[in-house]
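> In full-length UniProt numbering, the protein residues as written are 39 to 261.
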Amino acid sequence: SDHSLQYPIAPHAIDWSVHYPAFSGTGKAPEFADVGCGFGGLLIALAPIFPDTLMLGMEIRVQVSQYVQDRIAALRVTGQADDPDSTSYQNVSIVRANAMKFLPNYFSKNSLSALFFLFPDPHFKSRKHKARIISPTLLAEYAYVLRPGGIVYTITDVKDLHDWMRVHLSAFPLFEPVDEETLRSEGKGPIIDAVYTSTEEGKKVERNGGEKWLACFRRIECH
Ligand code: SAM
Numbered sequence: 039s040d041h042s043l044q045y046p047i048a049p050h051a052i053d054w055s056v057h058y059p060a061f062s063g064t065g066k067a068p069e070f071a072d073v074g075c076g077f078g079g080l081l082i083a084l085a086p087i088f089p090d091t092l093m094l095g096m097e098i099r100v101q102v103s104q105y106v107q108d109r110i111a112a113l114r115v116t117g118q119a120d121d122p123d124s125t126s127y128q129n130v131s132i133v134r135a136n137a138m139k140f141l142p143n144y145f146s147k148n149s150l151s152a153l154f155f156l157f158p159d160p161h162f163k164s165r166k167h168k169a170r171i172i173s174p175t176l177l178a179e180y181a182y183v184l185r186p187g188g189i190v191y192t193i194t195d196v197k198d199l200h201d202w203m204r205v206h207l208s209a210f211p212l213f214e215p216v217d218e219e220t221l222r223s224e225g226k227g228p229i230i231d232a233v234y235t236s237t238e239e240g241k242k243v244e245r246n247g248g249e250k251w252l253a254c255f256r257r258i259e260c261h
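Spelled out as C-alpha cells, the structure:
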C-alpha cells in the first residue's frame, strides 16, 4: 500500500535541486518521465544521450526504487572519478511513487516531452483492467503533463495489452498515433532503440525469445 508515502502537494513545491544538484539554479524540471521504471535501465541508457535533459523514474516498489537510487548515486561517483568536471548521470533521478495516483503532483502542465510506459504490468483479467496504467481516466492526466508535440512511448510483449493501449490512446482526442519511422526521421531513433532494448524487462523478453509490440502517440494541440 502507498498510504505511508509522502507526496509533494504540487510540482512547484518540489525542490528539484535535491534530485539534480548539478542543475540547481537552472530552473529546469524533468522532461522525460519513466512510469514504472523498474530497475532503471531506460533512464541509465538515455542519461548520457541527452545530458541536458532531466529525467525522472517513478517506481512503486520500495526495494526496487532504492536500488535505482543507489545505482544512480554510484554512476555519478564513478563519472566524477573518471572526470572531475563530469556531469554524468546528474540528469537522472527516481522517486518512489504510485504514478497512477500522483503523476500531476510531480509534473506541471505541458512540462514533459516524453512519457514512457515500458512493459507495464498486464493485469490480464477483465476485472483488473481498471488497474492498468493506460486507462481512459488516466489518459487525461497524461495529456495534461505532456506538452503539445510530446510523445507517449509504450511497449509490451503482451499482444492483448498492446491492443488495449493502442485502442484507448488512439480514441483519446489529445493523442494521435505516430509510427516508428516518423519518430526515427525526427531524430528520436536513440530513444526508440532504448525503449526496445535497454530495460530489464525488455532484456528478459529477448532472452525468452518473445515478441515486442511498440506503440507511440503524439500529444496534439487542443483547439
Ligand atoms: N519498465 C520496467 C522495465 O521495462 O524493465 C519495469 C517493468 S515491470 C513489469 C512494471 C513495473 O511497474 C514494476 O516495477 C512495478 O513495480 C511498477 N509499477 C506498477 N504499478 C505502478 C504504479 N502505479 N506506480 C509506479 N510504478 C508502478
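Every residue gets a Cβ at the ideal spot worked out from N, C-alpha and C, and that includes glycine.
For clarity, every value in this text was computed on a predicted model and none was experimentally measured.
(1) By alpha-carbon positions, which one of A135, L80 and D121 ends up nearest to R109?
(2) For P59, which residues in the same chain have their Cβ closer than 8 Å to its Cβ, ignoring the five residues on either side in sequence?
(3) Measure from the alpha carbon of E214 to the alpha carbon of each residue in I230, C260, T235 and R245, then state which is nearest.
(4) With DSSP as the reference, please indicate the residues paired to G95 in a beta bridge.
(5) When the Cα atoms are used, what is the spatial distance from P174 to Y105?
(6) On a Cα-Cα basis, can you pick out the residue from C75, D195 and A111 that is closest to R134?
(7) Suppose the cutoff is 6 Å on Cβ atoms and the five residues either side in sequence are ignored; what does the same chain contact list for G188 look like?
(8) Taking only three categories from DSSP, how would you classify I229?
(9) What are the boundary residues of the beta strand (DSSP E) that includes E259?
(10) Closest by CA to R245, which one among T235, A253, W251 and C254?
(11) So, are the CB atoms of L207 and A137 less than 9 Å apart?
(12) Residues in its own chain within less than 8 Å of M93 by CB, not counting five upstream and five downstream?
(13) Determine the burial state of A178: buried for a count of at least 16 other Cβ atoms within 10 Å of its Cβ, exposed for fewer.
(14) Could you check the C-alpha separation between W251 and T237 for me, to the nearest Å?
(15) Taking DSSP's pairing of strands, which residues face I189 in a bridge?
(16) Cα separation between T91 and N148?
(17) Taking the alpha carbon of I193 as the reference point, which residue from G240, P211 and V216 has its own alpha carbon closest?
(18) What first and last residue would you give for the alpha helix (DSSP H) that runs through P174?
(19) Who does E214 pair with in a DSSP beta bridge?
(20) In the DSSP assignment, the alpha helix (DSSP H) including E239 goes from what residue to what residue?
According to the data block:
(1) Within the sequence shown, the letter at position 71 stands for residue 109. Residue L80 is the option with its Cα nearest to R109.
(2) As a first step, residue 59 must be located in the sequence shown, where it is residue number 21. Closer than 8 Å at Cβ, skipping near neighbours: Q128.
(3) What you label residue 214 is simply residue 176 of the sequence shown in a count that begins at 1. For E214, the closest of I230, C260, T235 and R245 by C-alpha to C-alpha distance is C260.
(4) Start at 1 with the first residue of the sequence shown, and residue 95 comes out as number 57. Note: G95 sits in a beta bridge opposite D72 and I132.
(5) The residue labelled residue 174 in the question sits at position 136 within the sequence shown. The residue labelled residue 105 in the question sits at position 67 within the sequence shown. Rounded to whole angstroms, P174 to Y105 spans 32 Å at the Cα level.
(6) Within the sequence shown, the letter at position 96 stands for residue 134. Ranking the options by Cα distance to R134, first place goes to C75.
(7) Start at 1 with the first residue of the sequence shown, and residue 188 comes out as number 150. In its chain, beyond the 5 residues on either side, L150, S151 and R257 have a beta carbon closer than 6 Å to the beta carbon of G188.
(8) The count along the sequence shown starts at 1 and reaches residue 229 at position 191. Under the three-state reduction of DSSP, I229 is assigned to helix.
(9) On the sequence shown, residue 259 is found 221 positions in, with the first residue counted as 1. Careful: E259 lies outside any beta strand (DSSP E) and carries neither H nor E.
(10) If you number the sequence shown from 1, residue 245 lands on position 207. If we check each option's Cα against that of R245, T235 comes out closest.
(11) Numbered from 1 along the sequence shown, position 169 holds the residue referred to as residue 207. Numbered from 1 along the sequence shown, position 99 holds the residue referred to as residue 137. Going by C-beta atoms, L207 is not nearer than 9 Å to A137.
(12) Residue mapping note: residue 93 aligns to position 55 of the sequence shown, counting from 1. Cβ neighbours of M93 beyond the five flanking positions: P68, E69, F70, A71, D72, L81, L84, A85, N129, V130 and S131.
(13) Taking the first residue of the sequence shown as 1, we reach residue 178 at position 140. Under this definition A178 is an exposed residue.
(14) Position 213 of the sequence shown holds residue 251. Position 199 of the sequence shown holds residue 237. So the two alpha carbons sit approximately 14 Å from each other.
(15) Your numbering for residue 189 matches position 151 in the sequence shown. Looking at the DSSP assignment, I189 forms a beta bridge with A152 and R256.
(16) Here residue 91 refers to the residue found at position 53 when the sequence shown is read from its first residue. Here residue 148 refers to the residue found at position 110 when the sequence shown is read from its first residue. Distance between the alpha carbons of T91 and N148 is about 15 Å.
(17) Counting from 1 along the sequence shown, the entry for residue 193 is found at position 155. Out of G240, P211 and V216, G240 has the C-alpha closest to the C-alpha of I193.
(18) Translated into positions along the sequence shown, residue 174 becomes position 136. Where P174 is concerned, the enclosing alpha helix (DSSP H) stretches over P174 to V183.
(19) Sequence index remark: in the sequence shown, residue 214 carries index 176 (1-based). DSSP links E214 through a beta bridge to R256.
(20) Within the sequence shown, residue 239 is the residue found at index 201, counting from 1. Counting along the chain, the alpha helix (DSSP H) containing E239 begins and ends at E238 to R245.
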